[in-house]
Structure formats: structure tokens, C-alpha cells
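Data block below; observations after.
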Ligand SMILES: [Cu+2]
């Protein structure tokens, strides 16, 4: 009799495990939210220069802290720090345009192993000097020279991490960012500061925020502005199947 009961309990445990593995773990939820600036945002970081070309605006917005309506902060990276398995096949290839001596978009996401396309829309030489960060140290990942308007160049992104791109052709204000990721659970905030991460298997994760930092601290020998350290924040978040969990962040 006792043996029968043990067998029965074992069967129940096994059945529960089957249900959880076939249903619970395969179900997904979403995380959305907004990044806002608390307090009065500092003035836009406008850069004045003496480069004489019609293509470059004389005063350039450095795009370092872009605060829109309702104080939403654009160009903030949001991602899962300990991501579950997920395919990057659905991610769009990253394209960055060099137009009027600015990189557009200022920040983008690319799948590890994918190809970044650099486009030069200006009739002058730009370079895309990509630096891969390891902590606060950075080293050259690629260096592309594009002297001709309409030129398009592909660059494979083999290593994951944060890449900063700068122009070495005299346009010291040109800077943009590419987050190279092996996981699809990453997003950049839009003009309103909003983000959404979808199709996340139910579970508890660390949601991370990264912003490049916006205060000009110094300029190097070439007059290139150097900024305050990046801002990083994390939050624990539990994703429930079929539901959207809202997590808001504040920069200040
Ligand atoms: Cu340039």
C-alpha cells in the first residue's frame, strides 16, 4: 500500500514536470518602459568647429543627451544582462549613414556575427574608426575610409560588446555607438524614451540600462570632446507568460 502511494506521488511529480517543461517554460512575456530625465536637463551639447566644408553644419548637436517630450531620453540601451536562449535571426542588419558630418542613427543594435553597413552620403572623406570596449578600455575593431559620396562598406561584427565609432578625417565631433549582441533581448529608446523587449521566456532577469554619458569633461590634443563616464543601472524583473511588465528608469 505504501509502495503504491510512493509510485503515485512519483507519477504526479513527473506529470507536473512535463506540464511545466512543455507549457510554462515555452511561454513568453514582454518588458516595456520609459527612460526619463529627472530635473532640468542640461543644455544640448552643441559643438562649434572651424572645418570649412559645405557638408558640415557649423554647429553640431553631439546627440549625447537627447531629451524629448515628457523628458523621455532617446538613445539609451536597455537589455537583459543574463539573457535566456534566443535567436538573433529576426534582428535587422545595422546601417549607419554619414550625412552632414553626423552619424545617423546615433546608437544602434547589431547581432553578433552580422554585418554592419556604413554609408557615406557626403562628398568628402569620412572614416569609421570602430573601437570595441572592454570595461573602460577600448581597442580598434575596424577602421574604414570612405572618400566617395554614395559609398557603402560592409563590416562583419565578430565580437560582442559596445563599439564606439569616430571619424578620424578631421570631424572630431562625429561619434556613434553599436551594441553588438548575441541575444535578441535588447532595445534602444526612441524619441519618447520608450522601449520594449518581446518574446522573453517567463522567468526572473536582470534588466540593464546603459547611457553613454553627456557632460564634456575635456578635449584631447585633436580637440575631440571627452565625456563623463557612462551611466549604468540594473533592475530585477520577473517576466510572466502572456503579460507585459513595465519598468521605468530615471537619469538625473
Ligand atoms: Cu568625417
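Numbering (the numbering used here), first residue to last: 329 to 580. The C-beta atom is built at its ideal place from N, Cα and C for all residues, glycine as well.
Per DSSP, reduced to three states, the secondary structure at residue 545 is strand. For residue 397, the three-state secondary structure derived from DSSP is helix. Counting along the chain, residue 503 sits inside the beta strand (DSSP E) bounded by residues 503 to 509. Using a cutoff of 7 Å, the CB of residue 499 counts as near ligand 1, since one of the ligand's heavy atoms is closer than that. Remark: the shortest separation between the CB of residue 502 and any heavy atom of ligand 1 falls under 7 Å. Rounded to the nearest angstrom, the gap between the Cα atoms of residue 428 and residue 375 is 14 Å.
At least 8 Å separates the beta-carbon of residue 496 from that of residue 434. By alpha-carbon distance to residue 466, the top candidate from 493, 524, 408 is 493. Of the residues assessed, residue 511 falls on the buried side of the cut-off, its CB having 16 or more other CB atoms within 10 angstroms.
When DSSP reads this structure, residue 528 sits in a beta bridge with 357.
Scanning 491, 548, 362, 538 for the CA closest to the CA of residue 558 turns up 538.
Its chain contains 580 as the residues whose beta carbon lies nearer than 8 Å to that of residue 367, once the 5 sequence neighbours on both sides are disregarded; these appear in chain order. Inter-residue distance for residue 490 and residue 444 is about 13 Å (C-alpha atoms, whole angstroms).
The beta carbon of residue 454 sits closer than 7 Å to at least one heavy atom of ligand 1. In the three-state reduction of the DSSP assignment, residue 402 falls in the coil class. Inter-residue distance for residue 363 and residue 470 is about 31 Å (C-alpha atoms, whole angstroms). The closest CA to that of residue 551, considering only 399, 475, 377, 357, is found on 377.
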